[in-house]
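Okay, structure first, notes after.
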Amino acid sequence: MTDASTVSHAFWAPFTPMRQFQQQPMMFESAEGMYYRTPDGRKILDAMAGLWCVNAGHGQPSIVQAIQEAAARLDFVSSFKMSHPAAQAMSDALIALAPEGMTNVFFTNSGSEAVDTALKIARAYHQARGDSRRTKFIGRAKGYHGMGFGGLSVSGIGRQKRDFGPLLGEVSHLPLPYDASMRFSAGQPEQGASYAEALAQLLDIQDPGTVAAVIVEPVTGSGGVYPPPVGYLQRLRELCTQHGVLLIFDEVITGFGRVGGNFAAQVFGVTPDLMTVAKGLTNGAVPMGGVIVSSDVYQAFMAGPPQAVELMHGYTYSAHPLACAAGLATLRLHQELGINAMVQEISPFWQSQALALKGLPHVNDVRSIGLLCAVDVAPRAGAAGMRGADVARYCFEHGVLVRASGDMIVISPPLIVSQAQVEQIFECLRQALLVDGI
Ligand SMILES: Cc1ncc(COP(=O)(O)O)c(C=O)c1O
């Protein structure tokens, strides 16, 4: 830990116990490739990819150079009624990666903004088609969709909502497609597609003609890395199509190689109507998000008078020149490195290393897919979250950065991780779990 005297008492950090942080600040000074460096010179293997975002590894020279050049050339131009070449190129590059039939992208600055934008587009789409009854949303248990009021409303993690209500009304939730029979399954559970039938029930309860959209992460991310059972997403798609409900995939984590394809939509063979992206889009180097929509959704907005603004929505920094430059360089680098193929190649090894934790003390479940993994450890009696925190602290002290979310350890390294580094990550976890008294 860093010297506490270096911490500003003005700094209020997200999702952080501030008083504890001020006593024991965790600081990083620089980063390169797979590693962070602390102010006291320790090299820490980043098994979190920053926060699921630095997919191509830290400090990639081509991304750094693109940002520098962009800043010197055009610091800012609004995207309201004007644009710049990098925004055009970025739109084309992104759509070239998207599932067939998804043709347009609206840029935001974060995943949260992307989700709120997607929810607004969904309602406005139905409105544009003269179907103003469709205003309701359906989310899913353990879903995380950012911290805007819209995203929080559709999210499925109750403790994050506790202090902020009232949220959007008219939101209901699907159950998590998971049960104890799926513990320690490698990748997608074979059974469990029938969990999608809960959508048929919910639609029935709500009156399907009043529902605007269903939003799910194809693989539940922050809520605990729950891969979808085989056939589950297909069934959600069928039901949405059948009832005229839009399907939104929140691909903020699963996009850009994390599960071995451009998007989880392609990996699982299910095309949504809208898709939210952020994080890996710019390799975490400049904030950016976006909503990718199908041609059908976009065209629904284009039926009015041509001089009218079709979507009354946007942000000062939508398609910011630095973000577009970082995004273009990132997508180019992904092609050069063959990131998707790299993930496909290493993920069986990743999965076997992850599953080898089964049987170690305190390990209740391990879930993994692509280069994602969550390890549930048993909570200590009367001290929920403490064991998870201690495991993460042990790993940090031994040179590996993992994320503890309560008693769940989440691992999502940059996608350039080597086999030796995968071994190091899981060996460190193994050692942590074997520590007496942890
Ligand atoms: C699936 C998903 N959606 C949305 C968000 C929110 O993104 P941001 O933190 O960039 O606002 C996140 C962040 O972790 C996420 O995982």
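Read in order, the letters of the sequence shown correspond to residues 0 to 437 in numbering that gives the first Met the number 0. We treat Cβ as the ideally placed atom computed from N, Cα and C, and that holds for glycine.
With 16 other Cβ atoms within 10 Å as the buried cut-off, status of residue i
{"i": "residue 300", "result": "buried"}
{"i": "residue 296", "result": "buried"}
{"i": "residue 75", "result": "exposed"}
{"i": "residue 257", "result": "buried"}
{"i": "residue 111", "result": "buried"}
{"i": "residue 89", "result": "buried"}
{"i": "residue 240", "result": "exposed"}
{"i": "residue 352", "result": "buried"}
{"i": "residue 80", "result": "exposed"}
{"i": "residue 396", "result": "exposed"}
{"i": "residue 51", "result": "buried"}
Inter-residue Cα distance where the pair is residue i and residue j
{"i": "residue 410", "j": "residue 371", "result": "6 Å"}
{"i": "residue 313", "j": "residue 292", "result": "15 Å"}
{"i": "residue 87", "j": "residue 216", "result": "27 Å"}
{"i": "residue 262", "j": "residue 228", "result": "17 Å"}
{"i": "residue 93", "j": "residue 30", "result": "27 Å"}
{"i": "residue 142", "j": "residue 66", "result": "33 Å"}
{"i": "residue 39", "j": "residue 1", "result": "8 Å"}
{"i": "residue 188", "j": "residue 214", "result": "21 Å"}
{"i": "residue 6", "j": "residue 316", "result": "30 Å"}
{"i": "residue 133", "j": "residue 198", "result": "16 Å"}
{"i": "residue 326", "j": "residue 95", "result": "13 Å"}
{"i": "residue 190", "j": "residue 412", "result": "28 Å"}
{"i": "residue 209", "j": "residue 403", "result": "39 Å"}
{"i": "residue 414", "j": "residue 157", "result": "31 Å"}
{"i": "residue 43", "j": "residue 145", "result": "27 Å"}
{"i": "residue 176", "j": "residue 192", "result": "8 Å"}
{"i": "residue 71", "j": "residue 418", "result": "39 Å"}
{"i": "residue 309", "j": "residue 106", "result": "15 Å"}
{"i": "residue 98", "j": "residue 270", "result": "7 Å"}
{"i": "residue 405", "j": "residue 375", "result": "9 Å"}
{"i": "residue 323", "j": "residue 276", "result": "14 Å"}
{"i": "residue 119", "j": "residue 265", "result": "25 Å"}
Under the three-state DSSP convention, the category residue i falls into
{"i": "residue 297", "result": "helix"}
{"i": "residue 338", "result": "helix"}
{"i": "residue 216", "result": "coil"}
{"i": "residue 268", "result": "coil"}
{"i": "residue 248", "result": "strand"}
{"i": "residue 288", "result": "strand"}
{"i": "residue 143", "result": "coil"}
{"i": "residue 160", "result": "coil"}
{"i": "residue 236", "result": "helix"}
{"i": "residue 279", "result": "helix"}
{"i": "residue 316", "result": "coil"}
{"i": "residue 29", "result": "strand"}
{"i": "residue 18", "result": "helix"}
{"i": "residue 386", "result": "helix"}
{"i": "residue 7", "result": "coil"}
{"i": "residue 345", "result": "helix"}
{"i": "residue 211", "result": "strand"}
{"i": "residue 150", "result": "helix"}
{"i": "residue 45", "result": "strand"}
{"i": "residue 372", "result": "strand"}
Ligand 1 heavy atom lying under 7 Å from the CB of residue i
{"i": "residue 117", "result": "no"}
{"i": "residue 221", "result": "yes"}
{"i": "residue 144", "result": "yes"}
{"i": "residue 277", "result": "yes"}
{"i": "residue 252", "result": "yes"}
{"i": "residue 169", "result": "no"}
{"i": "residue 215", "result": "no"}
{"i": "residue 77", "result": "no"}
{"i": "residue 130", "result": "no"}
{"i": "residue 218", "result": "no"}
{"i": "residue 114", "result": "yes"}
{"i": "residue 149", "result": "no"}
{"i": "residue 411", "result": "no"}
{"i": "residue 138", "result": "no"}
{"i": "residue 152", "result": "no"}
Residue i Cβ short of 7 Å to ligand 2 heavy atom set
{"i": "residue 404", "result": "Of the ligands this structure carries, namely ligand 1, none is ligand 2."}
Contact with chain B by residue i, beta-carbon distance below 8 Å
{"i": "residue 295", "result": "No chain B is present in this structure, which holds just one protein chain."}
### Task
Enumerate, from N- to C-terminal direction, the unbroken alpha helix (DSSP H) stretches of 4 or more residues contained entirely within the stretch 163–187.
none
### Query
Mind pulling the alpha helix (DSSP H) runs of 4 or more residues that sit fully within the stretch 70–124?
84–96
### Query
If you scan the stretch 390–435 from start to end, which runs of the alpha helix (DSSP H) of 4 or more residues do you find wholly inside it?
418–433
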